[in-house]
Each structure stands twice: as structure tokens, then as C-alpha cells.
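Numbering (the working numbering), first residue to last: 3 to 749.
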């Protein structure tokens, strides 16, 4: 019905806002085609590569045992005697050649691809190393070169170790795509579609718009849709990160992949295929994982430089060892330099962190639309919150009741709820909801009437009960109750209840502040971050909310189109600003901010102006973004320092700078160190999986508390006074006020 009985919420608040994954697809199953140093941006084909490298590793390990043990150089090294049969001397050359051509194939093909792409990197270094070792060993076995250049056992161990390293690497990379896999797995295998009197099992892909499906208790919703029958508590944690089920009734929207926990639902399909929220989230995750960041560009350039550094170092090493009169060691040292300096760890340092952090974010209800925005979040020193729907619930709630005479508060509220029972207005729903919360026995009303700008009237138990604002009082010649004056000063909506024409009491309603907002503001303050609030509401409303939460600065009576100007004003003061809004009427401000965060977006991933989208409406989710940004940056730095530092230290050792004091790094040890450096980087990135990005845990962790606890009443009160004084002196827009709060909220 029409809401003529109450002023609209917009009127109630003066000027209120109404509102490829990279190059690893490996076409043709070329194990490392396109495996350049920047090719780790995506991981689409790594599941297959895990199996391939695992099989190759075990096969090559079996071949390596006789290749090494029956090699004359290895036998001399350990001091044992080989069998005297003539065929023994050919075991290592034959098996070593098989290992080079078969086990070394992924590296050789990758080297060719890097040459073709003119992007020399890790594969070319490995390919050069094993090729030089193979050619020299073959020449020694055929008597064309000195027997000192027989490296069959080193070549065998080198290939086995490199395959092991790549197997472990691919396993780590394959795990980073589990976010997309788990999102895809949310859809049920079958959907139960209603066709007339029959229920037909079909694939979710066969559903069409308008189809009605049954979702049984414990079953997953097969497509986005609207509930047309039934009601259930729906587990949406896999989409929003919120652990508590959400009640969905007739007319509510449900999302593909969510679970009806207790009752059956009938759902009319409203979106299918690529148009579903789940597909949108998958696209966001995939795009974020494959995006290139500034840190990645730096790592790519460094890895490119490292190739030339390693190549030049190998050449210089060979020349120096030849000049000093040890030519047989020159080749060994040069090969060791090429192997140990592979920029693999450097190439993995950033992409692994990006992929894993994006996966953890998606699982925590944080959707990263612009990777650079997430990187900037760690430097933010000011968070600007839109008030309505962000710090507050965006809907009125009862917070004051006063009575006249012997009438009790519960009796007054029951009478008001009875009179408002037939109204659809938000204020009426707030009153009836308050009565339900108190479990009051609300009598049945008759003769309901609603009068524009006055209020509602109904007959309750033979008495005429009226609920309304100042115009209702004026009609009956009454003045507002004295107790309601302070409510109005705090921005509350004031309604009076009349029984048979006489004032029986007053009711105060206000946009309820979220309890989570208090924790979010406290945690941000403990991080040294300034908290600012922006709203279209009049100053009393803004001041009351700011005082309750301890907000540092307030912009009140700001129209939606002017919010971006306030963001710019903060930026001109040298502030790095994150703007948190609903993504609808805040779009220009979100775009202007250093980081735009759309909160409470649910499954709407089409918000163009936001770099980060929060599925839940919990303001503490902002702390999840900060935690993720800082943790990701920390892991990137650690990986880059490890990868770069390892190469700076290892190359001189491989070249033999410590040979004068008797320390020479064996080629096989060099291969082990190179593989270990990659494994260390991968394991370090995997530690991001331990991040708990639930809003409560993030707020507690960043604020330095063991567990998330509600702010005590004493703390809130003490902050309220100081925050109110800050709010009084804060800068606000100069838009004129459109009347006082009491008048603005009349029926």
C-alpha cells in the first residue's frame, strides 16, 4: 500500500541519500611452453603438470640409480670398483642420453620457447646447463674429450632434482587455483525442475529463465532466483563469508551455490550461466589472479636481468678457471653457475602470493576487483565511511519510549503496534518489530486509517489509538512531551501515541548503529587510522552517531553528487583515503578515493567504481582488507628478498670464489639449492592460507586483542563525549537545513 501515513525516509533525514590465467595453458601439452619468467600469472593447466612432473620424476629417479652407480667418475669419487664387463661403461652414456632427451624434454622445449619469444629466462638457463653437461659427457665417453669431462652422474642427478623441484612447484601452483575449483563445485550436479505435476532432474546448465526448481533441506540452489514458495535459513557463507545463515522468504533473492539448511524452497530462476552471481565472482577471482602488479613488473625485470647476470657470470667463470690452468673445472663451474642462478624463485615470488591471497580473499567474502587497490590499502591512513547502511543498519529501530500516567511502556508499545499493524511504512515496521522482540501480546485493530503528513488511526479494544508526528499533536492542541526534546536533539524520529485524543506517550526511533561499527572504529584507531563519516543527514543525526562511535571527523548534509569533493578535500590535506560505501550513490566518491570499497554488495559484482567489493555489510570487513593487503605485501617482500639474496650469494659460490680455501660447490648441490630456493618461496606464500579474514578475527588481530569483544558501555560513553566535541568542530557541508528533526519525521 502507499506510504502516505509517514514521511519517506529521505524526508525523515534532511537531504538523506535514498540510497588466462597467464601463459601456463600449455597448448599441445608442451610442459613449459611460454614458461617465461612472467608466465606464472595464471595456473590453468597446472593440475595436469603435477601428474606429468611426478611421473617423470619417478621414472628418471629409477634410471638415475644405475646411471650414477655404474659411472666411472662417481665410482672413483667414492672409491669403489665397477664390474669388469665391457657393457658396464656404456650404461651411464645410454641411460644418461635417455634421461637428457626424455627427462630433460620439458626444459629443452621451454628453452626453445623462450628463445622464440625473445624472453630468455629460467628454462633457457637450465636447458643450456644440461645440454653442456650432455655434450661434454658424450664427448668424453666417445673419447673425443678428456675423461675429466664425464658428467653423466651429475647430469642424471641434475635432471632428477630439477624435476622434483618442478613437481613441488606445480603442486603449489595447482593449489592456488583451488578457489576457482571450489567456486565451481558449489553448484549441485542436478537440479529438480518442476514441469506441471512432475519433478524432473536436469543439469543446472539446462535450466532456463522462469523455470521453477525445488531446493530440498540441505540442498544447494542450482541458479540465481526468487523464492516463490517456502522459507528457509540459507547458508551463504561460501559467497559472503558470513557464517550465520540468512532467512529467505517468498520474494527474496537466493544465489546459486548457497544451501537451504532447514526447509525446502521453490525458486524461480532469474539468472543462468554467465549472468549468475557465482560466475561473476569466478571472473573477478580469475582476473585478480592473472593481473600484473607493480611488484610483479619489478620482479619480472629483475628476473630478466638475472639471466644475463648468470650467463655473463658463467662465461667469466669458465674463462677464469681456464686461465688459472684448471680447464676441466671450468666447465663444471660454468654449468653450476647456470643451474644455481635460475631465476625461478624470483619468477614465482609475486604470482604465488597474488593467487593465494586472492583465493583467501574470495573465501572470506572480499572480492578483489582491482589488484592495485588492494596493494594501496596497506598505506591508507584515513577511512571515510558512508553512514547510512554502512555504520548504521539503514533502517529505523525503536530506542526510546516514554509514557504518561499509569500506562506502562509495554502497554503503550502494544497499542502503537496494533494501530500500525496494517501499515507498510518502515516506521510502522520498526514499531511492530519492537513489539515482537519484547514478545508483547498485540491486540487486533480495526478501522485502520492513514492520513498524509499526520499519522495513522485505528480502533483497539474499543479505544481510538493514533500514532503520528507534530501535525497530529497540533490537530488536538497538544505540545510534545518534554522527554522527547532530547531525542530530537540527538536526531531521533519522534512519534506520539494518542488514546481517545489524549497523549498516552511518546516513541523515539533512529537508524540503529551497528555493534560491529564500534569494533571497526576502535580497531582502526588502534592502527593509527583516522575515521571520517559522511552523510546526507542533518547535523544532529550525524553528531549523535559520531559521538556514539568516536568518529574523528564528520561531513554532514552532503548530497551524493558532492561526496567525491569531500574525498578530494581529504586527499588535498595529504591523506590516503579509503572510501567505504554501498557502491550505488557513492560511485563518484569510490572512484575518487585511493581505494574504493563497496560494502554490503552481497553478490553484486558489477560495481564499476569499486576496487574492492565486500559481500557482507559488516564494517569490520574493512579490517580484513587491511590485513590481507599488509600480509600479502609482507610475503611479497620476503619472497623477493629471499630470491634475490639467494642468487647474489649463490652465484659467487658456484663460480668457485672459495676454491682457494678448499670449498667448491658441487654441481648437484647447486641444483639442490636452486630447487630448494623455489620450494622456500612456494612454502612461504602458502602460509597466507592460514589467514582468517572473517571480520571479527581481523578486527581482533589488527587491534592486538586475543578475541573480538564488544566495546563496553563505559568506553563508549567516555568516547562519546570527546567525539561529540570533535564532531561539533568538524568540517561539514554548507547545505541549508530543511527543518528540525521532529518536524521532518511526522506521519
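Note that beta-carbon positions come from the ideal geometry of N, C-alpha and C, so glycine has one too.
Owing to the predicted nature of the structure, the values given are computational and were not obtained by experimental measurement.
Meets three-Cβ-pair contact criterion under 8 Å: the segment 583–602 and the segment 397–415: No: fewer than three Cβ pairs fall under 8 Å.
Residues in the same chain with beta-carbon distance under 6 Å from residue 541, minus the five sequence neighbours each way, listed in chain order, please. Hits under 6 Å: 558.
For residue 549, the first and last residue of its enclosing alpha helix (DSSP H): For residue 549, the enclosing alpha helix (DSSP H) stretches over residues 541–551.
Span separating the alpha-carbon of residue 600 from that of residue 681: Straight-line Cα distance between these residues: approximately 37 Å.
Can you check which of these residues, 480, 688, 366 and 373, is closest to residue 694 by C-alpha distance? Scanning 480, 688, 366 and 373 for the CA closest to the CA of residue 694 turns up 366.
Within a Cβ cutoff of 6 Å, which residues of the same chain sit near residue 343, ignoring the five residues on either side of it in sequence? Taking C-beta separations shorter than 6 Å and ignoring five residues to either side along the sequence, the partners of residue 343 in its chain run 312, 649 and 653, following chain order.
Nonlocal neighbours in the same chain, by C-beta distance under 6 Å from residue 733, ignoring five residues either side: Its pLDDT being 38, under 50, residue 733 is placed unreliably by the model, and the measurement read from it follows with that caveat. Counting only Cβ-Cβ distances below 6 Å, and skipping sequence neighbours, we find nothing.
Could you tell me whether the segment 496–508 touches the segment 453–473, where touching means 3 or more Cβ pairs closer than 8 Å? The segment 496–508, when compared against the segment 453–473, does touch it at the 8 Å Cβ threshold.
Is the Cβ-Cβ distance between residue 237 and residue 272 less than 8 Å? No, they are not a contact pair.
On a CA-only basis, which of 638, 671, 666 and 699 is nearest residue 683? Give me that one, please. Residue 638 is the option with its Cα nearest to residue 683.
Would you report the Cα separation of residue 331 and residue 373, rounded to the nearest angstrom? Answer to the nearest angstrom: the Cα atoms are 48 Å apart.
Helix, strand or coil for residue 434 per DSSP? Looking at residue 434 - three-state DSSP - the assignment turns out to be helix.
Excluding the 5 residues flanking residue 254 on each side, which residues of the same chain have their C-beta closer than 6 Å to its C-beta? Closer than 6 Å at the Cβ level, and outside the excluded window around residue 254, lie 229.
What whole-angstrom Cβ distance do residue 656 and residue 339 have, given they're in contact under 8 Å? Rounded, the Cβ-Cβ distance is 5 Å, consistent with contact.
Tell me, which residues are paired with residue 466 by DSSP? Residue 466 pairs with 461.
Inter-stretch contact (C-beta, 8 Å, three-pair minimum) for the segment 619–629 and the segment 516–533: The segment 619–629 vs the segment 516–533: in contact.
Can you give me the start and stop residues for the alpha helix (DSSP H) that residue 237 sits inside? Looking at the DSSP string, residue 237 is not in any alpha helix (DSSP H); the run it does join, the beta strand (DSSP E), is 234–237.
With a threshold of 16 other CB atoms inside 10 Å of the CB of residue 140, please say whether the residue is buried or exposed. Buried, because 16 or more other Cβ atoms sit within 10 Å of the Cβ of residue 140.
Considering Cα atoms alone, identify which of 356, 335 and 384 is closest to residue 371. Closest option to residue 371, Cα to Cα, is 356.
Do you know how far the Cα of residue 84 is from the Cα of residue 27? Any reading at residue 27 needs caution, since the residue's pLDDT is 36, under 50, leaving its predicted position unreliable; the model's value is listed next. Inter-residue distance for residue 27 and residue 84 is about 46 Å (C-alpha atoms, whole angstroms).
Can you check which of these residues, 664, 598 and 267, is closest to residue 614 by C-alpha distance? That would be 598, whose Cα lies nearest to the Cα of residue 614.
Would you call the segment 528–545 in contact with the segment 428–446, where contact means no fewer than 3 C-beta pairs closer than 8 Å? Contact between the segment 528–545 and the segment 428–446 is absent, because fewer than three Cβ pairs lie under 8 Å.
Applying the criterion that 16 or more other CB atoms from any shown protein chain within 10 Å of the CB defines a buried residue, is residue 55 buried or exposed? When all chains shown are included, residue 55 counts as buried.
Let me know the secondary structure DSSP gives residue 559 once reduced to three states. Looking at residue 559 - three-state DSSP - the assignment turns out to be coil, as it is neither helix nor strand.
Are the segment 113–126 and the segment 61–69 touching, with three or more C-beta to C-beta distances below 8 Å? Touching, no, given that fewer than three Cβ pairs across the two stretches are closer than 8 Å.
In chain order, what residues of the same chain lie with their CB nearer than 8 Å to the CB of residue 218, ignoring the 5 residues before and after it? Once the five neighbours on either side are set aside, the close Cβ partners of residue 218 are 194, 262 and 266.
If you run the structure through DSSP and keep just helix, strand and coil, what is residue 121? Here DSSP, grouped into helix, strand and coil, assigns residue 121 to coil.
With DSSP run on the structure shown, which of helix, strand or coil describes residue 658? In the three-state DSSP reduction, residue 658 falls in the coil class, being neither helix nor strand.
Contact under 8 Å by Cβ, residue 531 with residue 382: Yes.
Element boundaries [beta strand (DSSP E), containing residue 371]: Boundaries cannot be given for residue 371, as no beta strand (DSSP E) includes it and DSSP labels it neither H nor E.
Environment of residue 579 [buried if 16+ CB atoms lie within 10 Å]: Counting C-beta atoms within 10 angstroms of its own C-beta, residue 579 has 16 or more neighbours from the protein chains shown and is therefore classed as buried.
Separation of residue 380 from residue 630, as counted between CA atoms: About 9 Å.
Coarse secondary structure for residue 422, derived from DSSP in three states: Residue state, collapsed to three classes: helix.
Could you check if residue 488 is buried or exposed, using at least 16 other CB atoms within 10 Å of its CB as the buried criterion? By the neighbour-count rule (16 or more Cβ atoms within 10 Å), residue 488 is not buried but exposed.
Residue closest to residue 385, alpha-carbon to alpha-carbon, out of 101, 154 and 582: When each option's Cα is compared against that of residue 385, the closest is 582.
Alpha carbon to alpha carbon, how far is residue 510 from residue 203? Give it in angstroms, no decimals. If you take the alpha carbons of residue 203 and residue 510, they lie about 53 Å apart.
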